[in-house]
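This report concerns only the one structure given below.
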Amino acid sequence: MPQQRGTGPRVAIEPAAHRPGAVAGVWLVAWRLQNPGPRPLQVLAARAPHGRFRSQERALAPPPMLLPGESAEIELAVTCAEPPGTVVENAFLILRVRWGSEPWRILARLRVMVDEAGSLRTTCEEISVQPIGFSGART
5 MPQQRGTGPR
15 VAIEPAAHRP
25 GAVAGVWLVA
35 WRLQNPGPRP
45 LQVLAARAPH
55 GRFRSQERAL
65 APPPMLLPGE
75 SAEIELAVTC
85 AEPPGTVVEN
95 AFLILRVRWG
105 SEPWRILARL
115 RVMVDEAGSL
125 RTTCEEISVQ
135 PIGFSGART
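In terms of our numbering, the sequence shown opens at residue 5 and continues consecutively.
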């Protein structure tokens with residue numbers, strides 16, 4: 005399991021399922037999210053912005069509310085038309101969440117592999133968090 009960097013919400017992310025979509029080069033990719041922290045975590049939206057592993061942001065409706073210790077699965081339709089044997093480094097799963105009353109962003113750095121049979125696999129390598137709207141500047 006990857007170590008999480010940053011203070012704020014905690015989340016564990018692991019691959020749950022990968023299956024071909026209805027269109028060539030599109031995959032339905034699911035991840036299992038778990039809240040190991042002491043406060044509820046609401047997952048508002050998810051996206052994958054890498055050029056070779058990409059999905060538009062998907063608002064989750066209704067947004068899952070993960071109480072401490074609970075888990076849920078999310079699924080994205082991801083475009084990945086890479087040939088067998090390809091490894092895509094530095095892909096990301098980006099989650100918009102609400103932790104307490106504050107909006108946060110969770111960035112899960114992924115490694116995406118297309119095996120020799122053309123099946124897709126992801127591995128979560130690192131997780132970091134950042135508050136949304138925080139610039140660090142002081143006035």
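All C-beta atoms, glycine included, are put in the ideal place defined by N, C-alpha and C.
Can you tell me whether residue i is buried or exposed, with buried defined as 16 or more other CB within 10 angstroms of its CB?
| i | result |
| --- | --- |
| R125 | exposed |
| S45 | Correcting the residue identity first, residue 45 is Leu in this sequence and not Ser. Flag for L45 reads buried. |
| I136 | exposed |
| L70 | buried |
| N94 | exposed |
| P53 | exposed |
| V133 | buried |
| V33 | buried |
| T11 | exposed |
Please report the Cβ distance between residue i and residue j, rounded to the nearest whole angstrom; I am assuming they are in contact, meaning their Cβ atoms lie under 8 Å.
| i | j | result |
| --- | --- | --- |
| F96 | A112 | 6 Å |
| F57 | V116 | 5 Å |
| W103 | R43 | 6 Å |
| W35 | P19 | 6 Å |
Return the first residue and the last residue of the beta strand (DSSP E) that residue i is part of.
| i | result |
| --- | --- |
| N39 | That residue, N39, is in no beta strand (DSSP E); it is neither H nor E in DSSP. |
| C84 | That residue, C84, is in no beta strand (DSSP E); it is neither H nor E in DSSP. |
| L45 | 45 to 54 |
| S59 | 57 to 63 |
| A20 | 16 to 24 |
| V101 | 91 to 103 |
| T11 | Neither: T11 is in no beta strand (DSSP E) and is coded neither H nor E. |
| L124 | 124 to 135 |
From the options, pick the residue whose C-alpha is nearest to that of residue i; which is it?
| i | options | result |
| --- | --- | --- |
| H22 | S123, Q134, R109 | S123 |
| R51 | L64, P72, A28 | L64 |
| E120 | V91, L99, S105 | V91 |
| V118 | G89, E106, A28 | G89 |
| I98 | V27, Q60, G41 | Q60 |
| P72 | P87, Q38, T11, V33 | Q38 |
| V30 | L114, I110, P87, E106 | P87 |
| R62 | L80, A85, A26 | L80 |
Exercise. Counting pairs of Cβ atoms below 8 Å between the stretch 127 to 136 and the stretch 69 to 83, do you hit three or more?
Worked result: no
For this session: Give a yes or no on contact between the stretch 15 to 24 and the stretch 34 to 53, applying the rule of three or more CB pairs nearer than 8 Å.
Result: yes
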